[in-house]
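**Student:**
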Amino acid sequence: MGIEIIGPAVSSEAVADLSRHLRLPVGFDDDADRRAQLERLLSAATQVVEERTRRLLLARTATLCKSAWDDGDTLVLPVGPVISVDGLAVVAEDGGRGDVPVDAWRLETLRGRPHLRARAGRRLPAIPAEGHVEARYRAGYGEVWSDAPQDLRQAAVILGASWFDAGGAPGGAVPATVNALIAPYLPVRL
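Residue numbers (UniProt numbering): 1 to 190.
#1: Can you say whether Glu39 is buried or exposed, counting buried as having 16 or more other CB atoms within 10 angstroms of its CB?
#2: How long is the line joining the alpha carbons of Val100 and Glu93, rounded to whole angstroms?
#3: Where does Leu77 fall in DSSP's three states?
#4: Exposed or buried, which one is Ala148 when buried takes at least 16 other CB atoms within 10 Å?
#5: With a threshold of 16 other CB atoms inside 10 Å of the CB of Ile6, please say whether the residue is buried or exposed.
#6: Between the segment 105-124 and the segment 160-179, do three or more beta carbon pairs fall short of 8 Å?
#7: Answer yes or no: do Val82 and Tyr137 have a C-beta to C-beta separation smaller than 7 Å?
#8: Taking Arg60 and Gly140 to be in contact with their CB atoms under 8 Å, please state how far apart those CB atoms are, rounded to whole angstroms.
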């Protein structure tokens, strides 16, 4: 059980931000190898920012599969911000699906985390043995790079640039500046 996220993590606008940050020469947009390297670095850097904050910078479709409800009648969605919930279903081991009616649940945010919770007076259906619940939703700040908060975009760019400066391969230490920029967005832990 887990989550699958479909869609690109970076856009041409984001790659242009990284290129400007690195002060790379302008007018060499046809350098496919350089562009591919910048996309790879920024995609990896964006993934780090998104994993730490549990927030998607660009809107993408997520499908979450879990074998049990969280806390009885709740399903915690691991990434946000949630744009829309496209479906909630209980799936049996044989693949049989039972859609959970929209009027049976509501979307809410608790301590910065999105949840699907049973509406008052309602119960979410039981999950069959060897079955799972499947939630399909869209999450992210928006369709374009500039929709994401400036500090999260800057964190991804700085991290991608630090990897570029360190030899062009993703990985290694995360600069303190990046940690400071994402700190306000980190999940609250009690």
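The beta carbon of each residue, even a glycine, is placed where N, CA and C say it ideally should be.
**Tutor:** So, from the listed chains and residues:
#1: For the purposes of this step, residue 39 is identified with residue 39 of the sequence shown, where counting begins at 1. Buried, since its Cβ has 16 or more Cβ neighbours within 10 Å.
#2: For the purposes of this step, residue 100 is identified with residue 100 of the sequence shown, where counting begins at 1. For the purposes of this step, residue 93 is identified with residue 93 of the sequence shown, where counting begins at 1. C-alpha separation (whole angstroms): 17 Å.
#3: If you number the sequence shown from 1, residue 77 lands on position 77. It is coil, neither helix nor strand.
#4: Residue numbering aside, residue 148 sits at position 148 when the sequence shown is read from its first letter. Buried, because 16 or more other Cβ atoms sit within 10 Å of the Cβ of Ala148.
#5: One-based indexing of the sequence shown puts residue 6 at position 6. With fewer than 16 other Cβ atoms within 10 Å, it is exposed.
#6: no
#7: Position 82 of the sequence shown, counted from the first residue, corresponds to residue 82. Position 137 of the sequence shown, counted from the first residue, corresponds to residue 137. It is a contact, given that the beta carbons lie within the stated cut-off.
#8: Translated into the one-based positions of the sequence shown, residue 60 becomes position 60. Translated into the one-based positions of the sequence shown, residue 140 becomes position 140. Going by Cβ atoms, the distance from Arg60 to Gly140 rounds to 6 Å, so yes, they are a contact pair.
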